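Chemist:
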Amino acid sequence: MDEQELIKKAIQGDKKSLNDLLDKHQGFIFNVSLKMLNDVVDAQDATQEVLIKVLTSLSTFDTSKAKFTTWVYRITFNHIMNFKKSAWEKTNVTFENFFQFMENVPDVIIPEEEDQNWLSNIEETKITCTSGMLMCLDREQRLIYILGDIFKIDQSVAAEIFDISAANFRKKLSRTRKDLHQWMHQKCGLVNTDNPCRCRNKTKKLIEMGEVDPENKKWLSGYQEQIVKHTQTSMKKFGTSKDEVYNRIFQEHPFKTNLKADEIYNQIVSNKDFSKFMNL
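Structure, rendered in structure tokens:
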């Protein structure tokens, strides 16, 4: 069934069509929300709220004005931009205090013979730290970077969503990229080996401090693929330019699984106002 037929049936209240629409878009919505908010519960809440908006607005979708995916993107990004502040955002984290915090975390060397036992924890540390770097950007910068360089949304589509010209979007992305990459180049050992900071040497102490939980991994649980599998750029197309080296770090982050589509559907349709609206 093509998307237009799916939308038509969903508007008519067909449960399978509603479920299929959720299944098609909820993963992207959840992962963008998670990257923006850096909090699983907040990202789940934002995803459910976006999906309710999408489903209750289906009858207003006009194929002559936009593609359905673009329409969903606009609803998603507008909602996230206005979503309540996450715990990370409430700390008013900046690049300066973030990297100062990381520098103050004592190094604890992991012996080579213990490497295999620590690989997943070290990876969790890497993703936790680089996700924290994104939180040092303001919301607009963060969303622009997530769309433009991580998920590789077509820039003309991204510009349309932000209601600016493509040239203006590129300028904003370039400035954001410069801010983030400059700090990473100065402080992060992943992109500049002259920097002393190493994920493996910070892992044990970050676990001790409660910043990384080896028993309940925030990033490495509930995923089977990396973000790059869900972008318009394949791994084979990665180049070696400086910007692409930075992009790859973030595109190798997990594309996490939210609740299953039928579970999300059940949560949404259990909302009395929604069920009444859709005549379910």
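Residue numbers (the working numbering): -1 to 278.
Note that beta-carbon positions come from the ideal geometry of N, C-alpha and C, so glycine has one too.
As the structure is a computational prediction, the values presented were derived from the model and not from experiment.
Kindly give me the distance between the Cβ atoms of residue 175 and residue 221, rounded to whole angstroms, as I take these residues to be in contact under 8 angstroms.
Modeler: The sequence position of residue 175 within the sequence shown is 177, counting from 1. The sequence position of residue 221 within the sequence shown is 223, counting from 1. Contact doesn't hold; Cβ gap of about 26 angstroms is too wide.
Chemist: With 8 angstroms as the threshold, decide whether the Cβ of residue 16 is near any Cβ in chain B.
Modeler: Here there is only one protein chain, and chain B is not present.
Chemist: Consult DSSP for residue 248 and reduce its assignment to one of helix, strand or coil.
Modeler: In the sequence shown, the residue the question calls residue 248 occupies position 250. In the structure shown, residue 248 sits in a helix (DSSP, three-state: H, G or I).
Chemist: Using 8 angstroms as the threshold, is the C-beta distance between residue 49 and residue 8 below it?
Modeler: The residue you call residue 49 lines up with position 51 of the sequence shown. The residue you call residue 8 lines up with position 10 of the sequence shown. For residue 49 and residue 8, no; Cβs fall outside 8 angstroms.
Chemist: Work out the CA separation of residue 264 and residue 213 for me, nearest whole Å.
Modeler: The count along the sequence shown starts at 1 and reaches residue 213 at position 215. The count along the sequence shown starts at 1 and reaches residue 264 at position 266. Taking the straight line from one Cα to the other gives about 29 angstroms.
Chemist: Give a yes or no on contact between the region 115 to 124 and the region 76 to 91, applying the rule of three or more CB pairs nearer than 8 angstroms.
Modeler: Cβ pair count under 8 angstroms is below three, so no.
Chemist: Please check the pair residue 24 and residue 256, which I expect to be a contact at CB under 8 angstroms, by giving their CB distance rounded to whole angstroms.
Modeler: Here residue 24 refers to the residue found at position 26 of the sequence shown. Here residue 256 refers to the residue found at position 258 of the sequence shown. Contact flag correct, Cβ pair sits at about 6 angstroms.
Chemist: With distances taken from CA atoms, which of 36, 84, 16, 34 is nearest residue 52?
Modeler: Residue 52 sits at position 54 when you count from the first residue of the sequence shown. Minimum Cα distance to residue 52 is reached at 16.
Chemist: By DSSP, does residue 51 sit in helix, in strand, or in coil?
Modeler: Start at 1 with the first residue of the sequence shown, and residue 51 comes out as number 53. It is helical.
Chemist: Specify whether the region 102 to 109 and the region 54 to 71 touch according to this definition: at least 3 beta carbon pairs, one from each stretch, less than 8 angstroms apart.
Modeler: These segments do not touch.
Chemist: Taking 8 angstroms as the cut-off, does the region 187 to 202 touch the region 121 to 135 (at least 3 CB pairs, one atom from each stretch)?
Modeler: The region 121 to 135 vs the region 187 to 202: in contact.
Chemist: Under the three-state reduction of DSSP, which class applies to residue 160: helix, strand or coil?
Modeler: Locating residue 160 in the sequence shown gives position 162, counting from the first residue. Note: residue 160 maps to helix in three-state DSSP.
Chemist: Would you mind stating whether residue 120 and residue 197 have Cβ atoms separated by less than 8 angstroms?
Modeler: Taking the first residue of the sequence shown as position 1, residue 120 is located at position 122. Taking the first residue of the sequence shown as position 1, residue 197 is located at position 199. Yes.
Chemist: For the beta strand (DSSP E) containing residue 98, list its first residue and its last residue.
Modeler: The residue given as residue 98 occupies position 100 in the sequence shown. Where residue 98 is concerned, there is no enclosing beta strand (DSSP E), although the alpha helix (DSSP H) it sits in stretches over 93 to 102.
Chemist: If you count every other CB in all the chains shown that lies within 10 Å of the CB of residue 194, and 16 or more means buried, which is it?
Modeler: Taking the first residue of the sequence shown as 1, we reach residue 194 at position 196. Residue 194 comes out exposed.
Chemist: So what does DSSP say about residue 167, is it helix, strand or coil?
Modeler: Position 169 of the sequence shown, counting from 1, holds the residue named residue 167. Three-state result, residue 167: helix.
Chemist: Quick check on residue 216: buried or exposed, where buried means 16 or more other Cβ atoms within 10 Å of its Cβ?
Modeler: The residue given as residue 216 occupies position 218 in the sequence shown. When all chains shown are included, residue 216 counts as buried.
Chemist: Does the region 160 to 170 come close enough to the region 243 to 250 to have 3 or more Cβ pairs within less than 8 angstroms?
Modeler: Because the criterion of three Cβ pairs below 8 angstroms is not met, the region 160 to 170 and the region 243 to 250 do not touch.
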